[in-house]
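Here's the structure we're looking at; comments come further down.
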Amino acid sequence: MSVKYFDHIATNPMLPEVFDAMLPYFKEQYGNPMSMYDLGMKAKQAVETAREQVAKLINAKPSEIIFTSSGAESNNFALKGMAMAHQGSGKHLIISMAEHHSVLNTARSLEKLGFVVTYVPVDNHGMVDPETVKKSITKETTVISIIHASSEVGTIEPIKEIAAIAKEHKIVLHTDAVASAGNIPVDVKDLEVDALSLSAHQFYGPKGAAAMYLKTGQRILPLIYGGIQEGGRRAGTENVPAIVGMGKAAELAAADLPKRMAHVKQLRQRLTEGILKIEKVHLTGHPEIRLPGLASFVVEFIEGEGMLLLLLSKGIYAASGSACTSKALKASPVLVSMGVPTSMSHGSIVFSLGIGNTTEAIDSCIEEFPQIVKRLRDMSPFAKEGWGALEASGGHKEGA
Amino acid sequence: MSVKYFDHIATNPMLPEVFDAMLPYFKEQYGNPMSMYDLGMKAKQAVETAREQVAKLINAKPSEIIFTSSGAESNNFALKGMAMAHQGSGKHLIISMAEHHSVLNTARSLEKLGFVVTYVPVDNHGMVDPETVKKSITKETTVISIIHASSEVGTIEPIKEIAAIAKEHKIVLHTDAVASAGNIPVDVKDLEVDALSLSAHQFYGPKGAAAMYLKTGQRILPLIYGGIQEGGRRAGTENVPAIVGMGKAAELAAADLPKRMAHVKQLRQRLTEGILKIEKVHLTGHPEIRLPGLASFVVEFIEGEGMLLLLLSKGIYAASGSACTSKALKASPVLVSMGVPTSMSHGSIVFSLGIGNTTEAIDSCIEEFPQIVKRLRDMSPFAKEGWGALEASGGHKEGA
Amino acid sequence: MYSEKLMDHFTNPRNVGEIADADGVGMEGNPTCGDAMKLFIKVQDDVITDAKFQTFGCGAAIAVSSMITEMAKGKTLTEALSISKEAVADALDGLPPQKMHCSNLGSDALRKAIEDYRSRHV
Amino acid sequence: MYSEKLMDHFTNPRNVGEIADADGVGMEGNPTCGDAMKLFIKVQDDVITDAKFQTFGCGAAIAVSSMITEMAKGKTLTEALSISKEAVADALDGLPPQKMHCSNLGSDALRKAIEDYRSRHV
Ligand SMILES: Cc1ncc(COP(=O)(O)O)c(C=O)c1O
Ligand SMILES: Cc1ncc(COP(=O)(O)O)c(C=O)c1O
Chain A
1 MSVKYFDHIA TNPMLPEVFD AMLPYFKEQY GNPMSMYDLG MKAKQAVETA REQVAKLINA
61 KPSEIIFTSS GAESNNFALK GMAMAHQGSG KHLIISMAEH HSVLNTARSL EKLGFVVTYV
121 PVDNHGMVDP ETVKKSITKE TTVISIIHAS SEVGTIEPIK EIAAIAKEHK IVLHTDAVAS
181 AGNIPVDVKD LEVDALSLSA HQFYGPKGAA AMYLKTGQRI LPLIYGGIQE GGRRAGTENV
241 PAIVGMGKAA ELAAADLPKR MAHVKQLRQR LTEGILKIEK VHLTGHPEIR LPGLASFVVE
301 FIEGEGMLLL LLSKGIYAAS GSACTSKALK ASPVLVSMGV PTSMSHGSIV FSLGIGNTTE
361 AIDSCIEEFP QIVKRLRDMS PFAKEGWGAL EASGGHKEGA
Chain B
1001 MSVKYFDHIA TNPMLPEVFD AMLPYFKEQY GNPMSMYDLG MKAKQAVETA REQVAKLINA
1061 KPSEIIFTSS GAESNNFALK GMAMAHQGSG KHLIISMAEH HSVLNTARSL EKLGFVVTYV
1121 PVDNHGMVDP ETVKKSITKE TTVISIIHAS SEVGTIEPIK EIAAIAKEHK IVLHTDAVAS
1181 AGNIPVDVKD LEVDALSLSA HQFYGPKGAA AMYLKTGQRI LPLIYGGIQE GGRRAGTENV
1241 PAIVGMGKAA ELAAADLPKR MAHVKQLRQR LTEGILKIEK VHLTGHPEIR LPGLASFVVE
1301 FIEGEGMLLL LLSKGIYAAS GSACTSKALK ASPVLVSMGV PTSMSHGSIV FSLGIGNTTE
1361 AIDSCIEEFP QIVKRLRDMS PFAKEGWGAL EASGGHKEGA
Chain C
2001 MYSEKLMDHF TNPRNVGEIA DADGVGMEGN PTCGDAMKLF IKVQDDVITD AKFQTFGCGA
2061 AIAVSSMITE MAKGKTLTEA LSISKEAVAD ALDGLPPQKM HCSNLGSDAL RKAIEDYRSR
2121 HV
Chain D
3001 MYSEKLMDHF TNPRNVGEIA DADGVGMEGN PTCGDAMKLF IKVQDDVITD AKFQTFGCGA
3061 AIAVSSMITE MAKGKTLTEA LSISKEAVAD ALDGLPPQKM HCSNLGSDAL RKAIEDYRSR
3121 HV
């Protein structure tokens, strides 16, 4: 059974070129970039080359790139580091209901430190309304953090419009571009953001390497204090091979972006069409303004994990935002904010496509999926009579 | 010219077995450990195996190991996370003057958040006196963090004694064992610490993987918020290959520890004897209670960087705690606390030996080093007349 | 994550469906929580002669449903009432910690079906 | 980190030593800061005919010392006074940013040596 990996949003297989680029830094070039001798300098140069490659991917200056260990770290660093740096001017932050846990939970942790956070809702396409952001601004607002593209529903947020508002109010803007950078064009000059997170394993680079773009002149407090690595902004011995791999992956992504996008977009459209033929299945997220490779749905009357398990039995790897599969056992905040009823949100299914996927793989998914849905619906108490079938727990219908 | 790498405290070359263990997780096993399917589960299992291996190295339970990205991150996480978790009971912390930057600067950042920090001095062997720690305790003290072994002067601190004091006062104790774990026996049960940091690249493991031991039941706030990785205590997609490599390195270290220690100790003693034959060269740190592979000195009348550069020209890699080489351009706090005059501290030179070093390499260092010292002293204005030669800047001696 | 036995009960669930003329029906959970189970029983001489289920929920919830109906069949009502959630989990060779609540679903739905039967046959 | 030229001046420093009968001696820096330089000059008809140095300091400090003595030789005192720290750094094909202060050391020591000469020859 051939593997159909449609979970690129969880992580990506690394490209062979990326691994090859990393290889020397595991073995001969093991130096610490902080050491002044040749071994250290070669490691340092490799890190600096990677910095240039990553900068180029997002149209930043190399000095504006700070390497971290994960997208989650970049998000924590950006939101907390800027909130703390600006706390003299105010303690109000704005984020959206479409944020990744690593932004959402950082915001919550800041609430415990006395910050006030406004969580702006999204519309039924998962889109943040810049006007709502604008209305949420108070004299105390210092930082806005809005996701660039949702990893759950694919919607690309109007960052540029939000940036204009932020600028007007002299508020710094961070965007979590972990799901987008390397997969669609991300240009920090065009977006006019002050900070941006990206993660290598989302664009065929290694795990353990990520970055934060911080615009020249922007103030931030470190998340990890210590030595003077990354210009004193992020301590810890650099993970040289992973950073080198991230650089290479960025270079390859920059070169191949249009081709990659066209490939996954055409597959996604094919898959979406196929899947929407099933009754009571709804696309989630914006129909057009979305990540090209991400097809996300809710399937009524059944639950996501069951779908995933049966898909797996056919060699198909997907994801779900359902509470059961989230391991945190909580309904996805973005689906809730979009107005998807909680009951329906449990039927979330997300296929995230990658450059290695083929039309055949998509077609086999289109063939298998309706049968899987049928099988689970045949077991569901709701499929025949709808969601009303079992209204109040404990009650039962007459005539049984 | 053969390379004589005596800077194992900066970083270690990875063992081939470690790299081999990592290899599959770069390629076929690219899954995200959070994913429920086989690919994810294999990654998860690999992470859990590594957790057991690391736990075993320090006699902890696997559930007490939290993976991080660097020793610096572990130190920040431990000190800040525990200080914040306990701030309801008090805001006084105790650290020593022998701490690594990643503890020292985290403590300083906590001062800005309203914490009060006592920096206990060390004696002229770089040793913390448990009595001084005891005397520094106030009703407000919640966390003590003392380095296990200094990476600059090699001294192994009396953590067990300090732990007894901490326990008596119901204060949590963290120790930075980055320089020691994997190189000498580190047993958390024996040390009776509540938290401990260790880093893979210090024991022939990969960069980008480190860990924090946190005793069952100990409270901590995350440094990186987000998903539920590491039991919700450290978010971010796991760097699976690096974690696997850390596990393997821990396993190998645990098995080989006595052999490795004997090897480097004998080399260190040979080197120390050779080097102390030079006039006006002093051993720094404790003569006996020290890291077996670390030989550290101050050489009077000359500066560390010059020594490093000339050593390099002979293929010898070493380090210095001199201000000039620190890149932060500050005198080493531990040398200052030990009572080494600042002028002399600039002559710091540190040789940290590893399992790949040979007697021949040591002998060639013993042969070259005196000539290097002589060459630099011949240039120094102090060598002939001593430190007094140029007392006040701008003044000059009569009779010139 | 799941045992082979559990996967077997998920992939080939026993006793799926409705019993049109059930003697007792129990419902537990609700779609908002992500788990809902409807359990039907036929009872003769105080013994459960048939049991069927309809379940909305994760793999564990479906496997638990399958297992509890299997366990209930042939048991007296009193015996059936004493089937603990641990027993169901054990019968599936264990449940992951975060799925333990699913085993409640089964025993609670069964209890409600029995209560429903009894309330109709007092 | 260092240019080849700088490394050459560090490894083969020119004009190391004392001038026993120097006409001017300038000292700059101090051992506590990690850099200290002693610069000796011989002067004839307002021209520096010889220059030597003794330096305690990093590679950059030693190379700067070597370079400034080379640059000073043959210059009139006025010309020598106008040797800027940038000129010294440039002559070494640049200095890393964190080492730029080392170039001060050279020009300051030279200035002091010239002042010393002048104070003795007023
Ligand atoms: C004692 C000590 N603590 C902390 C660290 C920082 O660890 P890492 O290099 O993994 O960031 C080091 C680094 O060598 C160290 O020696
Ligand atoms: C939108 C978004 N933000 C942040 C993250 C976290 O990044 P990482 O997995 O590198 O920790 C992810 C992970 O997939 C993501 O999709």
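Protein chains in written order, with my numbering: chain A, 1 to 400; chain B, 1001 to 1400; chain C, 2001 to 2122; chain D, 3001 to 3122.
Yeah, the Cβ is synthetic: ideal placement off N, Cα and C, and Gly gets one too.
**OP:** Just the chain A side, please: which residues come within less than 7 Å of Gly2059/C by C-beta, in chain order?
**Re:** As a working mapping, residue 2059/C is identified with position 59 in the third sequence. What Gly2059/C touches in chain A: Glu305, Gly306 and Leu309.
Subject >> Delimiting residues of the alpha helix (DSSP H) encompassing Lys3085/D >> reply: As a working mapping, residue 3085/D is identified with position 85 in the fourth sequence. Start and end: Lys3085 to Ala3091.
**OP:** Give, in chain order, every residue of the region 3030-3062 of chain D whose Cβ lies closer than 9 Å to some Cβ of chain E.
**Re:** As a matter of chain content, chain E is missing from the structure shown, whose protein chains are A, B, C and D.
Original post:
Between Ser401/A and the rest of its own chain, which residues show a CB-CB distance below 6 Å, the 5 nearest in sequence each way excluded?
Top reply: This structure does not reach residue 401/A, given that chain A is present from 1 up to 400, and the question cannot be answered.
Original post:
Is DSSP giving Glu398/A helix, strand or coil here?
Top reply: Residue mapping note: residue 398/A aligns to position 398 of the first sequence, counting from 1. Below a pLDDT of 50, predicted positions are generally treated as unreliable, and Glu398/A, at 33, falls in that range; no measurement from the model is reported.
Original post:
With burial defined as no fewer than 16 other Cβ atoms inside 10 Å of the residue's Cβ, what is the status of Ala10/A: buried or exposed?
Top reply: Reading the first sequence from its first residue, position 10 is the one you call residue 10/A. Ala10/A comes out buried.
Subject >> Proximal residues of chain B, C-beta to C-beta of Thr3078/D below 7 Å >> reply: Along the fourth sequence, one-based indexing puts residue 3078/D at 78. Here the premise fails: no neighbours, minimum Cβ distance about 22 Å.
Original post:
Which same chain residues, not among the five before or five after Asn3030/D, have their C-beta less than 7 Å away from its C-beta?
Top reply: Position 30 of the fourth sequence holds residue 3030/D. Cβ neighbours of Asn3030/D beyond the five flanking positions: Ala3036.
**OP:** Indicate whether Gly1236/B and Ile1224/B have their beta-carbon atoms separated by less than 8 Å.
**Re:** The sequence position of residue 1236/B within the second sequence is 236, counting from 1. The sequence position of residue 1224/B within the second sequence is 224, counting from 1. Yes, they are a contact pair.
Subject >> Beta-carbon proximity list for Gly1399/B, same chain, < 7 Å, skipping 5 on both sides >> reply: For the purposes of this step, residue 1399/B is taken as the residue at position 399 of the second sequence. Here Gly1399/B scores only 33 on pLDDT, less than 50, and its place in the model is too uncertain to base an answer on.
Subject >> For Val298/A and Met405/A, believed in contact at Cβ under 8 Å, the rounded distance >> reply: In this structure chain A extends from 1 to 400, so residue 405/A is not present and cannot be described.
**OP:** Note down, in chain order, each residue of its chain lying with its Cβ closer than 6 Å to the Cβ of Ile1144/B, except the 5 sequence neighbours on either side.
**Re:** Locating residue 1144/B in the second sequence gives position 144, where the first residue counts as 1. Hits under 6 Å: Ile1094, Ala1166, Ile1171 and Leu1173.
**OP:** Find out if the Cβ-Cβ distance for the pair Thr1138/B, His1092/B is shorter than 8 Å.
**Re:** Here residue 1138/B corresponds to residue number 138 of the second sequence, with the count starting at 1. Here residue 1092/B corresponds to residue number 92 of the second sequence, with the count starting at 1. Cβ distance < 8 Å, so Thr1138/B and His1092/B count as in contact.
Original post:
Counting along the chain, where does the beta strand (DSSP E) carrying Lys1056/B start and finish?
Top reply: For the purposes of this step, residue 1056/B is taken as residue 56 along the second sequence, with counting starting at 1. Per DSSP, Lys1056/B belongs to no beta strand (DSSP E); it is in the alpha helix (DSSP H), Asp1038 to Leu1057.
**OP:** Enumerate in chain order the residues of its own chain whose CB-to-CB distance from Gly1154/B is below 6 Å, with the five nearest sequence positions on each side excluded.
**Re:** Position 154 of the second sequence, counted from the first residue, corresponds to residue 1154/B. Gly1285, Arg1290, Leu1291, Leu1294 and Ser1296, listed in sequence order.
Original post:
How would you label Ala2063/C, buried or exposed, when you count the other beta carbons within 10 angstroms and need 16 or more for buried?
Top reply: Taking the first residue of the third sequence as 1, we reach residue 2063/C at position 63. Its Cβ being crowded by 16 or more others within 10 Å, Ala2063/C is buried.
**OP:** Report the residues of the region 2008-2019 of chain C with a CB closer than 9 Å to any CB of chain A, ordered along the chain.
**Re:** Phe2010, Thr2011, Pro2013, Val2016, Gly2017, Glu2018 and Ile2019
**OP:** State buried or exposed for Asp3046/D, treating a residue as buried only when at least 16 other CB atoms are found within 10 Å of its CB.
**Re:** The residue labelled residue 3046/D in the question sits at position 46 within the fourth sequence. Per the 10 Å Cβ criterion, exposed.
Original post:
Mind pulling the chain D residues with CB within less than 9 Å of His1346/B?
Top reply: To locate residue 1346/B, count along the second sequence from 1; it is residue 346. Simply Pro3031, Thr3032, Cys3033, Gly3034, Asp3035, Phe3056, Gly3057 and Cys3058.
**OP:** Run the proximity test for Asp7/A: is its beta-carbon closer than 7 Å to any non-hydrogen atom belonging to ligand 2?
**Re:** To locate residue 7/A, count along the first sequence from 1; it is residue 7. No, the beta carbon of Asp7/A sits no closer than 7 Å to any heavy atom of ligand 2.
Original post:
How is the alpha helix (DSSP H) around Val3122/D delimited, first residue to last?
Top reply: Taking the fourth sequence and counting its residues from 1, one reaches residue 3122/D at position 122. Run containing Val3122/D: none; DSSP gives neither H nor E here.
Original post:
Around the C-beta of Ala163/A, are 16 or more other C-beta atoms found within 10 angstroms, so that it is buried, or is it exposed?
Top reply: By 1-based counting over the first sequence, the position of residue 163/A is 163. Ala163/A is buried by the Cβ-count criterion.
Original post:
Using a Cβ-Cβ distance under 8 Å, would Val240/A count as near chain B?
Top reply: Residue mapping note: residue 240/A aligns to position 240 of the first sequence, counting from 1. At least one chain B Cβ lies under 8 Å of Val240/A.
Original post:
At what residue ranges does the region 1303-1355 of chain B contain a whole run of the beta strand (DSSP E), taking only runs of 3 or more?
Top reply: 1348-1352
Subject >> Which of helix, strand or coil DSSP assigns to Met3007/D >> reply: On the fourth sequence, residue 3007/D is found 7 positions in, with the first residue counted as 1. Of the three classes helix, strand and coil, the one that applies to Met3007/D here is helix, per DSSP.
Subject >> Integer Cβ distance of Glu2010/C from Ile302/A, believed to fall under 8 Å >> reply: If you number the third sequence from 1, residue 2010/C lands on position 10. If you number the first sequence from 1, residue 302/A lands on position 302. Before going on, a small fix: residue 2010/C reads as Phe here, not Glu. Not quite, the Cβ-Cβ distance comes to about 13 Å (not below 8 Å), so this is no contact.
Original post:
Which class does Ile9/A belong to by DSSP, given the choice of helix, strand or coil?
Top reply: The residue given as residue 9/A occupies position 9 in the first sequence. Note: Ile9/A maps to coil in three-state DSSP.
Subject >> Listed by chain order, chain B residues near Ser322/A by CB distance under 9 Å >> reply: In the first sequence, the residue the question calls residue 322/A occupies position 322. Within chain B, no residue comes near Ser322/A; the closest Cβ sits about 11 Å away, beyond 9 Å.
Original post:
Whose C-alpha, out of Ala181/A, Cys365/A and His282/A, is nearest the C-alpha of Ser151/A?
Top reply: Position 151 of the first sequence, counted from the first residue, corresponds to residue 151/A. Ranking the options by Cα distance to Ser151/A, first place goes to Ala181/A.
Subject >> Touching by the beta-carbon criterion (3+ pairs, under 8 Å), the region 257-266 of chain A and the region 238-245 of chain A >> reply: no
Original post:
Mind pulling the chain C residues with CB within less than 8 Å of Ile302/A?
Top reply: Locating residue 302/A in the first sequence gives position 302, where the first residue counts as 1. Those are Phe2056, listed as they occur along chain C.
Original post:
How close, in whole Å, do the beta carbons of Val120/A and Asp176/A come, if the pair is a contact with beta carbons under 8 Å?
Top reply: As a position in the first sequence, residue 120/A is number 120, starting the count at 1. As a position in the first sequence, residue 176/A is number 176, starting the count at 1. About 14 Å; that fails the 8 Å criterion.
Original post:
What residues from the region 216-233 of chain A come within 9 Å of chain B, judged by C-beta to C-beta, listed N to C?
Top reply: Leu221, Pro222, Leu223, Ile224, Tyr225, Gly226, Gly227, Ile228, Gln229 and Gly232
**OP:** Identify whether Asn3030/D lies in helix, strand or coil by the three-state DSSP scheme.
**Re:** Mapped onto the fourth sequence, residue 3030/D falls at position 30. Three-state result, Asn3030/D: strand.
Subject >> C-alpha gap between Ala1253/B and Val281/A, whole angstroms >> reply: One-based indexing of the second sequence puts residue 1253/B at position 253. One-based indexing of the first sequence puts residue 281/A at position 281. Ala1253/B and Val281/A: Cα-Cα distance of roughly 55 Å.
Original post:
Looking at chain C, which residues of the region 83-98 of chain A have a Cβ within less than 9 Å of any of its Cβ atoms?
Top reply: none
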